[in-house]
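**Q** Following my numbering, the numbering of the sequence shown begins with 6 at its first residue and continues without gaps.
All C-beta atoms in this analysis are idealised placements derived from N, C-alpha and C, irrespective of residue type, glycine included.
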Amino acid sequence: MIQRPAPLAEADDAVNFRLAAPEETGTGGVVLVSPSVIGSINRGRVLQALYDNGPTSRADLARLAGVNRTTVTGIVQPMIEEGLLIEGEAPRSTGLGGKPARPLVFNPDAPMLGAILLLPGRIQTALVSLTGEVTAQAHGRFDPHGDLDAFRAVLFDTMAETLGGAARTPFGIGVAAGGMIDSDKGLIVTVALAPILDGLPLAAILKERFGLPVVIDHHPRALLVGDRWFGPGRGQQNFAAIYTGEVLGGAFYMDGKVYRGLAGSGGELGHTIVQFGGAACNCGKHGCWETVATLSWLRREAAARGLSDPDTVHAARLVAEAEGGSATAAGLLDLYARNIAIGIANLQQTLSLNYYILHGDAAMGGPPLARRIGEHVERFVLMRPNQEIVIAVSGNGEGRTALRGAAGLVVSDRLKLVI
Ligand SMILES: [Zn+2]
C-alpha cells in the first residue's frame, strides 16, 4: 500500500532496500531492513524522475528528485542488482573533457507485471513491462448477476492464459476493479452493476490461485496511476482522472501523491450530488453526478430528442454528427459537456487541481468534447487572474491505461513507493 507522507529529509536507509521473493516474506511484500517513509518517498521520486525523463544519469536523477548522490546510489544499486534497471550507452563525448555518465534505464527484460481490469461483465488481463509495454492480452466475460464459481473459472482461465505468456515469474498482479474497493484488505466492497462481486476477497483468491502478490484498487485510480506513469499525467503534481461510461468515476493526484482516503474509499466522485432531488442513482441515492453524464443517461436523452439509433449513441458519434450539421446532436453534445463540467467545476473549486484527464466515452469525444467541457468549467468556477484549467484527453485507450495503471500499482507496492 502507499504509505503516508512524512516531512522530507535526506535518508540513506534505502541502501538496505531489496525486493523479496513472494514466499520469502509470506505476505508478498518487500523487506525493508530499516523501513522508512522517507526512503519510500525518495525512491518514488527517483523512479518518477526516470519515468518522466527516460534514460537519466545518476547526477541528473539526484537533481531531478531533489536528493543527494549517495541517496540515488543507495536506491538504484539494489535495483540494478535485481535486474530492474540497467546502464544504457553513454552519450558520445562532447569533446569538452570528462567521461560522459552512462544513463540508467528500465530493463526491458525484467520480469513483467500481471494486470487485470475487472468491470461488470468483463475481464481484461495482460502482462505489462516496467516500461509500460502491454502484451499477452486476454479477455473474458461473465454474468454480473450469475454464479460466483462461473466468475472464478473465467477469471482464472483468463489470467492463466496471460501468465502463460510470461518468460519469467511476474513480480505480482495488479487489479483495477470497478465498484467500491477496500484497497487495504484487497476486497471488493460492492459493485452496483455486478452484485455477485459484493464482498469478494479478490486479492486473497488470486494470491491463492497464482502464488503471486496481489494489489487491488479502484478502476479510476488505476487510470490515474496509468496517466501518471505513462500518460498525460507525467510530470504533473496535481491532476484528476475522470471516466465516463456505464458509470462515472474519478480519482485525484494531489501535491505529488495519489489520494486514496480511508482504505481507498476516497474519490467516489460519481456520487457527489449535483442535482437536489434528481434522478435515482445505481448507488441508491438521488441526483448523483453519475445520473447526468453516463452512457445510459446519454442514450435516454438521445431517444427523447429523436436522434436515430439512440441506443448506440456515444460521444464520438455525437461529435461526428454535430460536425456534420446536426443541431440536435450538437445540442446533446453540449449538454453532455456541461454535465461533465459540473462535477469538474466542483472538484476545481474544492481542490484547484487545474488539470483534468478524460477517459472512457468522454475521451472518445476527443478535443471537440474536451474543448466544450473546458468552456463550461470556466463558466462555472470563479477564475483567478492568469489561471489556466486544462482538460486533456487520454489517448492510450481506456483498457490499456487501466492495465498499465494496475501494473503501476504493483510497482508502487512491491517497491514501497510513494507516488
Ligand atoms: Zn450515486
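When you compare only the Cα positions, how much space is there between Thr195 and Val382?
**A** 31 Å
**Q** Just to check, is the beta-carbon of Asn287 closer than 7 Å to a non-hydrogen atom of ligand 1?
**A** Yes, the Cβ of Asn287 comes within 7 Å of a heavy atom of ligand 1.
**Q** Sort out for me which residues DSSP pairs Phe257 with in a bridge.
**A** Ala245
**Q** Would you kindly work out how many angstroms separate the C-alpha atoms of Ala110 and Leu303, rounded to a whole number?
**A** Checking the sequence shown, residue 110 turns out to be Val, not Ala. Approximately 45 Å, taken between the alpha carbons.
**Q** In three-state terms, what does DSSP make of Leu1?
**A** The structure shown has nothing for residue 1, since the chain only spans 6 to 424.
**Q** DSSP has Glu92 in a bridge; who is on the other side?
**A** Listed as beta-bridge partners of Glu92 by DSSP are Leu109.
**Q** Strictly by DSSP, which residues pair up with Tyr360?
**A** Val395
**Q** Taking 7 Å as the cut-off, is the CB of Lys262 close to at least one heavy atom of ligand 1?
**A** no
**Q** Compare the C-alpha of Phe161 against each of Arg214, Lys190, Gly231 and name the closest.
**A** Nearest C-alpha to Phe161: Arg214.
**Q** Would the beta-carbon of Ser313 be found less than 7 Å away from any heavy atom of ligand 3?
**A** Annotation note on ligand 3: not contained in the displayed structure, which lists ligand 1 as its ligands.
**Q** Is the beta carbon of Gly365 less than 8 Å from the beta carbon of Tyr248?
**A** yes
**Q** If we count the other Cβ atoms within 10 Å of its Cβ and call it buried at 16 or more, is Lys262 buried or exposed?
**A** buried
**Q** What three-state label does DSSP hand Thr140 in the structure shown?
**A** strand
**Q** Buried or exposed for Thr32, please, with buried defined as at least 16 other CB atoms from any protein chain shown within 10 angstroms of its CB.
**A** Any reading at Thr32 must be qualified, since the residue scores a pLDDT of 39, below 50, and its modelled position is unreliable; the value itself is stated next. Taking every protein chain shown into account, the CB of Thr32 has fewer than 16 other CB atoms within 10 angstroms, so this residue is exposed.
**Q** Under a CB-based cut-off of 8 Å, is His381 close to chain D?
**A** Going by chain labels, chain D is absent from the structure shown, which holds only one protein chain.
**Q** From this set, Trp234, Leu340, Gly271, which residue's C-alpha is nearest Gly59's C-alpha?
**A** Trp234
**Q** From the DSSP secondary-structure annotation, give me the bridge partner or partners of His224.
**A** In DSSP, His224 forms no bridge with anything.
**Q** Run through DSSP, which three-state label would Leu66 get?
**A** helix
**Q** Beta-carbon within less than 6 Å of Arg343's beta-carbon, same chain only, minus the 5 sequence neighbours each way: which residues are those?
**A** Taken in chain order, the residues that qualify are His381.
**Q** Here's the rule: buried if 16 or more other CB atoms are within 10 angstroms of the residue's CB, otherwise exposed. What is Pro372?
**A** exposed
**Q** Please list the terminal residues of the continuous beta strand (DSSP E) segment that includes Met388.
**A** No beta strand (DSSP E) contains Met388, which DSSP labels as neither H nor E.
**Q** Would you grab the beta carbon distance between Val297 and Ala350 for me? Rounded to a whole angstrom, and I think it's under 8 Å.
**A** Not really, about 13 Å apart at Cβ, beyond 8 Å.
**Q** Quick one: does the C-beta of Gly275 sit closer than 7 Å to a heavy atom of ligand 1?
**A** yes
**Q** Going by the C-beta, is Glu295 closer than 7 Å to any heavy atom of ligand 1?
**A** yes
**Q** Considering only residues of the same chain and omitting the five flanking positions on each side of Ala412, which have a CB-CB separation below 6 Å?
**A** Leu118, Ala120, Val133, Gly179
**Q** Quick one: is Ser313 buried, meaning 16 or more other Cβ sit within 10 Å of its Cβ, or exposed?
**A** exposed
**Q** Can you tell me whether Gly119 is helix, strand or coil according to DSSP?
**A** strand
**Q** Using the Cα positions of Val398 and His319, report the straight-line distance between them to the nearest angstrom.
**A** Looking at the two C-alpha atoms, the distance is approximately 16 Å.
**Q** Would you report the Cα separation of Glu28 and Val77, rounded to the nearest angstrom?
**A** Only weak support is given to the placement of Glu28: the predicted model assigns it a pLDDT of 36, under 50, and the value that follows is read from those uncertain coordinates. Going from the Cα of Glu28 to the Cα of Val77 covers about 28 Å.
**Q** Is Ala208 helix, strand or coil when you go by DSSP?
**A** helix
**Q** Can you check whether the CB of Leu356 is closer than 8 Å to the CB of Gln129?
**A** no
**Q** Locate the beta strand (DSSP E) running through Ile193, then write down its first and last residues.
**A** 192 to 195
**Q** Please report the distance separating the alpha-carbon of Gly204 from that of Ser188.
**A** 12 Å
**Q** Return the first residue and the last residue of the beta strand (DSSP E) that Leu132 is part of.
**A** 127 to 133
**Q** Count the other CB atoms within 10 Å of the CB of Leu300; is the residue buried (16 or more) or exposed (fewer)?
**A** buried
**Q** Could you check the C-alpha separation between Val35 and Gly269 for me, to the nearest Å?
**A** Here Val35 scores only 46 on pLDDT, less than 50, and its place in the model is too uncertain to base an answer on.
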